[in-house]
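Visitor: The structure's right below; bear with me while I get my questions together.
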Amino acid sequence: MTWSRLPLFLYSTYATSIIFVLGTPVLAITLLLVIAERAFHLGIFDPTLGGDPLLFQHLFWFYSHPAVYIMILPAMGVVSEIIPCFSRKRIFGYKAVAMASIAIAVLGFLVWAHHMFVAGISLYSAMIFSIFSYLVAVPSAIKVFNWTATLYKGSITFSTPMLYAFGFIGLFTMGGMTGLFVAALGIDVHVTDTYFVIAHFHYIMVGGALMGYLGGMHFWWPKISGRMYPEAWGRLAAMIVFIGFNLTFFPQFILGYLGMPRRYWQYPPEFQMLNVLSTAGSTILAVGYLLPMVYFLWSMRYGKVAEANPWGASGLEWMTTSPPPTVNFDHTPEVTWEAYDYEHIPAPEELHIER
Ligand SMILES: [Cu+2]
Numbered sequence: 084m085t086w087s088r089l090p091l092f093l094y095s096t097y098a099t100s101i102i103f104v105l106g107t108p109v110l111a112i113t114l115l116l117v118i119a120e121r122a123f124h125l126g127i128f129d130p131t132l133g134g135d136p137l138l139f140q141h142l143f144w145f146y147s148h149p150a151v152y153i154m155i156l157p158a159m160g161v162v163s164e165i166i167p168c169f170s171r172k173r174i175f176g177y178k179a180v181a182m183a184s185i186a187i188a189v190l191g192f193l194v195w196a197h198h199m200f201v202a203g204i205s206l207y208s209a210m211i212f213s214i215f216s217y218l219v220a221v222p223s224a225i226k227v228f229n230w231t232a233t234l235y236k237g238s239i240t241f242s243t244p245m246l247y248a249f250g251f252i253g254l255f256t257m258g259g260m261t262g263l264f265v266a267a268l269g270i271d272v273h274v275t276d277t278y279f280v281i282a283h284f285h286y287i288m289v290g291g292a293l294m295g296y297l298g299g300m301h302f303w304w305p306k307i308s309g310r311m312y313p314e315a316w317g318r319l320a321a322m323i324v325f326i327g328f329n330l331t332f333f334p335q336f337i338l339g340y341l342g343m344p345r346r347y348w349q350y351p352p353e354f355q356m357l358n359v360l361s362t363a364g365s366t367i368l369a370v371g372y373l374l375p376m377v378y379f380l381w382s383m384r385y386g387k388v389a390e391a392n393p394w395g396a397s398g399l400e401w402m403t404t405s406p407p408p409t410v411n412f413d414h415t416p417e418v419t420w421e422a423y424d425y426e427h428i429p430a431p432e433e434l435h436i437e438r
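Residue numbers (this note's numbering): 84 to 438.
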């Protein structure tokens with residue numbers, strides 16, 4: 084198989100695992116300290132006992148910023164699988180995309196205090212954390228540029244997984260760019276604890292991570308279930324999710340910038356219109372989520388039986404039956420091709436028709 088033939092999805096889950104192993108214990112230790120404080124009245128975080136509440140925030144965010152990357156990295160891996168498959172091209176910059184996953188995992192541990200710019204940390208440490216937060220944009224941008232370069236002159240099919248991958252690239256980029264806004268010390272003071280931050284977070288977590296997961300569900304559904312989902316319904320749901328998502332969360336950028344704080348149920352009348360749009364969008368988004376739940380269940384009984392490799396994809400999982408037998412492969416497969424070698428894998432007929 085060799086390291087340079089591994090699917091990029093594996094690099095992304097590898098990077099995710101690093102964060103799991105190094106980050107999650109810190110959250111567990113923090114919870115133990117809270118228990119120790121409550122049970123034995125040891126002054127750790129509570130100032131009335133002589134503790135430091137900022138210490139809690141440091142420990143909480145040391146895990147909770149990387150936790151965001153736990154959610155987004157696998158989705159990035161999914162996108163790295165989908166884009167080459169439905170562009171019929173080898174991924175541009177394989178090594179750069181693989182290393183960017185590792186770089187995001189490492190840099191993710193150096194930025195936690197950007198959640199604490201207005202919590203009373205020193206200006207100098209705030210400047211350091213601001214710079215490191217900007218640095219995370221570099222590997223993220225490397226991925227976006229490489230996906231885009233893969234699309235360039237590709238033979239593109241607008242299949243359901245590909246629509247989600249397109250959604251991911253655009254929405255994740257908006258989430259990332261507004262991340263630079265909140266990484267800037269001056270702007271962060273203005274938008275802290277406003278709907279701007281809510282919108283930024285959801286462009287990464289819903290526009291990014293969730294789009295990736297839905298793309299992955301559709302991409303691997305034939306392999307998992309042995310059945311095809313109805314393609315037209317899949318595309319319709321992807322469009323509804325995209326429209327509903329933007330209607331829900333884009334108004335929140337404006338609301339937050341205009342000063343609407345989070346965690347309040349009341350707001351002045353001039354914010355009514357944007358809040359109504361946001362609520363209406365969430366209903367549309369819900370329809371977009373319900374549709375796949377319905378047609379996935381439907382397809383398990385009535386869907387067309389899936390072939391071993393319905394997309395003409397290059398990964399090893401497509402070299403076995405759908406769904407795979409208990410031992411995955413009847414014979415140990417021998418890998419003789421480079422990763423994403425789409426120049427040498429013929430696309431299935433159906434993909435040509437729907438292009
Ligand atoms: Cu963060």
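Quick reminder that beta carbons are idealized off the backbone N, C-alpha and C, glycines included.
Between which residues of its own chain and L138 is the CB-CB distance below 8 Å, once the five residues before and five after are set aside?
Guide: Contacts found: I127 and F128.
Visitor: At the level of alpha carbons, what is the spacing between I101 and H197?
Guide: C-alpha separation (whole angstroms): 21 Å.
Visitor: Note the first and the last residue of the continuous alpha helix (DSSP H) segment covering P431.
Guide: Premise fails: P431 is in no alpha helix (DSSP H) and is neither H nor E.
Visitor: From the DSSP output, which residues share a beta bridge with R310?
Guide: Note: R310 sits in a beta bridge opposite V388.
Visitor: For S107, which of helix, strand or coil comes out of DSSP?
Guide: The displayed chain sequence assigns Thr, not Ser, to residue 107. Looking at T107 - three-state DSSP - the assignment turns out to be helix.
Visitor: Less than 7 Å between the CB of V201 and some heavy atom of ligand 2, yes or no?
Guide: Here the bound small molecules are ligand 1; ligand 2 is not part of this structure.
Visitor: Helix, strand or coil: which one does DSSP assign to P222?
Guide: If DSSP states are grouped into helix, strand and coil, P222 belongs with the helices.
Visitor: State whether the stretch 141-158 contacts the stretch 291-299, with contact taken as three or more CB pairs (one from each stretch) at a distance under 8 Å.
Guide: The stretch 141-158 is in contact with the stretch 291-299.
Visitor: Is the beta carbon of Q335 closer than 8 Å to that of I281?
Guide: It is a contact, given that the beta carbons lie within the stated cut-off.
Visitor: What ranges does the beta strand (DSSP E) occupy inside the stretch 278-312, keeping only unbroken runs of at least 3 residues that lie completely in it?
Guide: The stretch 278-312 contains no whole beta strand (DSSP E) run of 3 or more residues.
Visitor: Please state the DSSP three-state secondary structure of P90.
Guide: P90: coil per DSSP, three-state reduction.
Visitor: Please name the residue in H148, E164, Y94 and S405 whose C-alpha comes closest to that of M199.
Guide: Checking every option, the nearest Cα to that of M199 belongs to H148.
Visitor: Over what stretch of residues does the alpha helix (DSSP H) that includes Q349 continue unbroken?
Guide: Premise fails: Q349 is in no alpha helix (DSSP H) and is neither H nor E.
Visitor: Indicate the three-state DSSP secondary structure (helix, strand or coil) for Y423 in the structure shown.
Guide: In the structure shown, Y423 sits in coil (DSSP, three-state: anything other than H, G, I, E or B).
Visitor: Ignore the nearest five residues each way along the sequence and tell me which others in R88's own chain have a CB closer than 7 Å to its CB.
Guide: If we look at R88 and ignore the five residues flanking it on each side, its Cβ neighbours are V418, E421 and A422.
Visitor: Candidates W394, L193, M383 and K226: which alpha carbon is nearest F212's?
Guide: For the residues W394, L193, M383 and K226, the minimum Cα distance to F212 belongs to L193.
Visitor: Count the other CB atoms, across all protein chains shown, that sit within 10 Å of the CB of P108; report buried if there are 16 or more and exposed otherwise.
Guide: Its Cβ having fewer than 16 others within 10 Å, P108 is exposed.
Visitor: Which whole-angstrom value describes the C-beta separation of F169 and T240, a residue pair presumed to lie in contact below a C-beta threshold of 8 Å?
Guide: 5 Å between Cβ atoms; contact.
Visitor: Confirm the yes/no value for this check: CB of H285, any heavy atom of ligand 1, distance under 7 Å.
Guide: No; taking the cut-off as 7 Å, the Cβ of H285 has no heavy atom of ligand 1 nearer than that.
Visitor: Closest to H301 by C-alpha separation, out of K172, A150, E164 and T331, would be which residue?
Guide: Checked all of K172, A150, E164 and T331; the closest Cα to H301 is E164.
Visitor: Starting from Y152, trace the alpha helix (DSSP H) both ways and give me its first and last residue.
Guide: That run of the alpha helix (DSSP H) goes P136 to S170.
Visitor: Enumerate in chain order the residues of its own chain whose CB-to-CB distance from K387 is below 8 Å, with the five nearest sequence positions on each side excluded.
Guide: Same-chain partners within the cutoff: R310 and M311.
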